[in-house]
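**Q** In my numbering, the protein residues as written are 269 to 551.
Below, the structure is given as structure tokens:
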């Protein structure tokens, strides 16, 4: 594991409590073992990437949610109860969510996911693409895992798809064997991703500084976060993560994408059609 430069923990904790503006975050190296607890079962980690980017702050931000306290909800602009695209911040605040992140990339019609996406009430896209991972939640039985990432190279999707009410297909980043599945390439971008750790806690991952997906995956696997699996959901200026606990709020948005927006100037939260929201479970 690569070494990190440490600041006193009290400075880190105070910095993590601030609402952080995109592209203007505090410049510090995060203690890799420190998470800031936002409420029961919800933690925000801010980690210094082991490889410095030429743009923005080189920070990896991860929201971690325990499934004993939080569940996932898929929201679609294409469903009758929603009807329009919104920024992730608007999706959260208008639907009583605690947090949300992009659900997947979307097509030119600005509504449909690029691959299979459905919940119990609405199907956004019926097409099962060649992509290897499917996020599954809202199980039919309490004995099933509340959230899982199905890897089609290791598991029988046709069987498992019948066990869950919500399914979201996207591109595999970390396989069921814990391996980086993304070949190196020249393209870099801001990135949003979803993962699970070895305790099956939900990870919403956002990185504004541009990296290749291959390099980011390697850095995520280096971090002491117990990453088990991960899938890519969006890149560039569309990549967004918003958190609002009622006491604190944080907004992280992307900017850079090779070939289109090769800069760190974006401060606009773009309207997007599909989000994965975090909701508190009723006790």
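Cβ atoms here follow ideal geometry from the backbone N, Cα and C, with glycine treated the same way.
Keep in mind it's a predicted model, so treat the numbers as computed, not measured.
Quick check on this structure: which residue in 307, 310 and 326 has the alpha carbon closest to the alpha carbon of residue 484?
**A** Checked all of 307, 310 and 326; the closest Cα to residue 484 is 326.
**Q** When burial is assigned at 16 or more other CB atoms within 10 Å of the CB, is residue 466 buried or exposed?
**A** Classification of residue 466: exposed, given that the 10 Å Cβ count is below 16.
**Q** Suppose the cutoff is 6 Å on Cβ atoms and the five residues either side in sequence are ignored; what does the same chain contact list for residue 481 look like?
**A** 450.
**Q** Just checking my contact of residue 542 with residue 392 at CB under 8 Å: how many whole Å lie between their CB atoms?
**A** At roughly 6 Å, the Cβ-Cβ gap stays under 8 Å, so residue 542 and residue 392 are in contact.
**Q** For the segment 508–526 and the segment 336–348, state whether three or more C-beta atom pairs, one from each stretch, are separated by less than 8 Å.
**A** Touching, no, given that fewer than three Cβ pairs across the two stretches are closer than 8 Å.
**Q** Leaving out the 5 sequence neighbours to the left and right, which residues in its chain are closer than 8 Å to residue 528 when beta-carbon positions are compared?
**A** Only 504 meet the Cβ criterion.
**Q** Just to check my reading of the structure: residue 370 and residue 434 have Cβ atoms closer than 8 Å, yes? What is that Cβ distance to the nearest angstrom?
**A** Wrong, their Cβ atoms sit about 15 Å apart, outside the cutoff.
**Q** Identify the residues that DSSP records as bridge partners of residue 529: which are they?
**A** In the DSSP output, where bridge partners are listed per residue, residue 529 has 525.
**Q** Could you tell me if residue 395 is buried or exposed, where buried requires 16 or more neighbouring beta carbons within 10 angstroms of its beta carbon?
**A** Flag for residue 395 reads exposed.
**Q** Could you check the C-alpha separation between residue 418 and residue 402 for me, to the nearest Å?
**A** Each residue's alpha carbon lies about 5 Å from the other.
**Q** Grouping DSSP H, G and I as helix and E and B as strand, with all else coil, what is residue 542?
**A** Here residue 542 sits in strand by DSSP.
**Q** Looking at C-alpha atoms only, which residue of 304, 302 and 329 is the closest neighbour of residue 459?
**A** Residue 459 has its Cα closest to that of 329, out of 304, 302 and 329.
**Q** Per DSSP, what kind of secondary structure is residue 415 in: helix, strand or coil?
**A** The answer is strand: DSSP assigns residue 415 an E or B state.
**Q** Expressed to the nearest angstrom, what Euclidean distance is found between the alpha-carbon atoms of residue 411 and residue 431?
**A** Computed Cα separation, rounded: 11 Å.
**Q** What residue from 533, 364, 423 and 498 has the CA that sits closest to residue 514's CA?
**A** Of 533, 364, 423 and 498, the residue nearest in Cα terms is 364.
**Q** Rounded to whole angstroms, how far is the Cβ of residue 367 from the Cβ of residue 520, which I believe are closer than 8 Å?
**A** Not really, about 11 Å apart at Cβ, beyond 8 Å.
**Q** In this structure, what does DSSP give as the bridge partners for residue 440?
**A** Residue 440 is bridged to 499.
**Q** Would you say residue 511 touches the ligand NAD, meaning its beta carbon is less than 6 Å from a heavy atom?
**A** Ligands displayed in this structure: none; no statement on the ligand NAD is therefore possible.
**Q** Which class does residue 426 belong to by DSSP, given the choice of helix, strand or coil?
**A** Of the three classes helix, strand and coil, the one that applies to residue 426 here is helix, per DSSP.
**Q** Residue 354 to residue 548, Cα distance in whole Å?
**A** Near 21 Å, if we compare the C-alpha coordinates of residue 548 and residue 354.
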